[in-house]
Amino acid sequence: MEDIQKQTVVVADNDPDFLEWLSKHLEADTVEILTTNSSEEALKLFKDNDADLLIAEFHLRPFDGVDLLKKTRMAKPNAMVILNGLITSTNAVIESMRIGAFDVLRRESINFEIRQVAERALQAAEQMRVADRERTSSGSIVPPQPSDDLIIGRSPAMQDVYKLIGRVARADAPVLITGESGVGKEVVSNAIHKFSRRSKSEYVAINCAAIPSNLLESELFGHEKGAFTGAVSQRVGRFEQCDNGTLFLDEIGDMPLDVQSKLLRVLQSGEFSRVGGNQTMQSDVRILAATNKRLEEEVENGTFREDLFYRLNVVRIHIPPLRRRSEDIRLLAEHFLNRQTEKGKVRPMQFSKEAMELLESYTWPGNVRELENLIQRACVLATGNVLLPGDLPFDANHANEVPPALMKRAARRFLSAAKDSGKTPLELAIREMIAVATEDTGDAAEAAELIGLSKTEAKKYISAPTKKAAAAKK
């Protein structure tokens, strides 16, 4: 019989009755409980037994729970520690979490919370051990080298984007960059400028949706003193500022119609006037525009000028959403994690295998921006130097959903397998689901109910091997 791999929990508390209760409460075949009323002894037990979890009271002797936490984390940086007690100071809670406590529980609620929190801590400890074993077996991990690439991604779709950037960079034609919010349209715009002949001149980005319509015209073209209430002095606009440079107009689909007409004039002739001024001015500016809207539909709806659309849409670069280029997720995630380390915001960290698999299977509705923000939050909230699945703060609204990317991969496998088997993809999928469900339940009726079929409907899909497996399990 295979030995059960036990995990060790050290419990340190002044109350012997609590020690006895908690030992029984956490009792399990896979858990060994070691108890003490001394913080010094608790530290020794944790080190000597390479324990997985320490549960300690704040008010211990000879040094308190916070100091025990510090010493434990010094001995084992990824140590899982849960502190508890009669909390009279919020500073103690804040300091404990800052140092790296897995959780802090109030004494009055520990009866209801400790088992669930301890189970999560032990699961995280095991994941840390697995990550350490993988790191040891593969040798020392070389941290990713800082990259001077402006854009991260090696997917075929992004390769096409890079080629387009290279082609348009050598010309001065307007470029319309399209794609969902968060895909990196401004990054592409910046790359076009960096590789163009204008790279040594000014590059300015404006979000047309973020500036009130009555101020956008002044922002672009400037204004004369007294042109409107509050115009106490002359102001140089972005077209003057960017002469011989590049102006990036983000969210151009939100630009008001009256400003669109004045922008059209600049694109046609290079001429404009400041708000409230009579002098015609010239500016040699390359326009790069971006939008997450379908401008063709905006033209049909009358909210975007058709002539301006054709002026902007000389060359279009479309950036695919992150869910369409899942092969870039690992590169981007490691890049953002490395950036946090380079900035000195976090200690050197890495992803566990399970965490990376979770990142690669998620649908990323917020695209690259969402991934970057999630990595930043994970680095702040993680208690160890390995990011685990539990450290990834996904949107709670999507936490229990099956990632669409994962479903699509499974569907592709079924389509491929169906071609080889001579069965329809649907029939093959149902057979596989029944087989798995029957292995889990040991009963065909329960398996059918689990996937939404009647027992009669399920019978025609159940193969002989599956029936034998179910019978054997009984």
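The sequence shown maps to residues 1 to 474 in the numbering used here. Virtual Cβ for every residue (Gly too), placed ideally from N, Cα, C. Note that this is a predicted model, so its numbers are computed, not measured.
Self-check item: Exposed unless 16 or more other CB atoms sit within 10 angstroms - verdict on K185
Solution: buried
Exercise. Under 8 Å by Cβ, that's how I've got L371 and L312 pegged, so tell me the actual separation to the nearest angstrom.
Key: About 29 Å; that fails the 8 Å criterion.
Self-check item: Inter-stretch contact (C-beta, 8 Å, three-pair minimum) for the stretch 231-238 and the stretch 250-261
Solution: In this structure the stretch 231-238 does not touch the stretch 250-261; the number of beta carbon pairs closer than 8 Å is below three.
Exercise. Look at the alpha carbon of G276 and the alpha carbon of L220, and state the distance between them as a whole number of angstroms.
Key: 13 Å
Quiz prompt | Close Cβ partners of N400 (< 6 Å) along its chain, the five nearest in sequence each way excluded | solution = With a pLDDT of only 44 at N400, under 50, the local geometry of the prediction cannot be trusted, and the value read off the model is given with reservation. Hits under 6 Å: none found.
Quiz item: If you check the beta carbons only, do V187 and L150 fall under 8 Å apart?
Solution: yes
Self-check item: Contacting residues, own chain, Cβ-Cβ under 6 Å from L216 (five flanking each side not counted)
Solution: V259
Quiz item: Considering only residues of the same chain and omitting the five flanking positions on each side of T36, which have a CB-CB separation below 7 Å?
Solution: A12, A42, L45.
Quiz item: Going straight from the alpha carbon of Q127 to that of I287, what length do you get?
Solution: 50 Å
Quiz item: Would you call Q350 buried or exposed, if buried means 16 or more other Cβ atoms sit within 10 Å of its Cβ?
Solution: With 16 or more other Cβ atoms within 10 Å, it is buried.
Quiz prompt | Between the CA atoms of R377 and L392 - distance to the nearest angstrom | solution = 8 Å
Self-check item: Supposed contact pair D48 and A125 - C-beta distance, whole angstroms, cut 8 Å
Solution: That belief does not hold up - the Cβ atoms of A125 and D48 are roughly 17 Å apart, past 8 Å.
Quiz item: Got a sec, what are the start and stop residues for the alpha helix (DSSP H) T90 sits in?
Solution: Segment 90-99, the alpha helix (DSSP H) holding T90.
Self-check item: Three or more C-beta pairs below 8 Å linking the stretch 156-174 and the stretch 296-306
Solution: No, the stretch 156-174 does not touch the stretch 296-306.
Quiz item: Just checking my contact of R261 with G270 at CB under 8 Å: how many whole Å lie between their CB atoms?
Solution: Per the sequence shown, the amino acid found at residue 261 is Ser instead of Arg. Actually they do not touch by this definition, with Cβ atoms about 16 Å apart.
Quiz prompt | Beta-carbon proximity list for K194, same chain, < 7 Å, skipping 5 on both sides | solution = L150
Quiz item: Around the Cβ of A75, are there at least 16 other Cβ atoms within 10 angstroms (buried) or fewer (exposed)?
Solution: exposed
Practice problem: Enumerate, from N- to C-terminal direction, the unbroken beta strand (DSSP E) stretches of 3 or more residues contained entirely within the stretch 149-236. | Solution: Within the stretch 149-236, the complete beta strand (DSSP E) runs of at least 3 residues are 175-178, 203-207.
Quiz prompt | Status (buried if at least 16 other CB within 10 Å, exposed otherwise) for S109 | solution = exposed
Exercise. Please confirm whether T363 and R323 have their CB atoms less than 8 Å apart.
Key: yes
Self-check item: Spatially closest choice to V183 from A157, P174, I430, by CA coordinates
Solution: A157
Quiz item: When DSSP labels each residue in this structure, what does I319 get in the three-state scheme?
Solution: coil
Quiz prompt | Same chain, Cβ closer than 7 Å to G384, neighbours up to 5 away in sequence not counted | solution = P77, N78, M128
Practice problem: Assign L428 to one of two classes, buried (16 or more other C-beta atoms within 10 Å of its C-beta) or exposed (fewer than that). | Solution: That one is buried.
Quiz item: Can you tell which of V10, E32, H25 has its C-alpha closest to the C-alpha of I55?
Solution: V10
Quiz prompt | Sequence-distant residues of the same chain with beta carbon closer than 7 Å to H318, five excluded per side | solution = T178, G179
Exercise. With DSSP as the reference, please indicate the residues paired to G302 in a beta bridge.
Key: Its beta-bridge partners do not exist; DSSP assigns none.
Practice problem: Report the three-state DSSP secondary structure of R325 (helix, strand or coil). | Solution: The answer is coil: DSSP assigns R325 none of H, G, I, E or B.
Quiz item: Three-state secondary structure (DSSP) at E20?
Solution: helix
Self-check item: Buried versus exposed, by CB contacts within 10 Å (16 or more), L308
Solution: buried
Practice problem: Reducing DSSP to helix, strand and coil, say where R347 ends up. | Solution: coil
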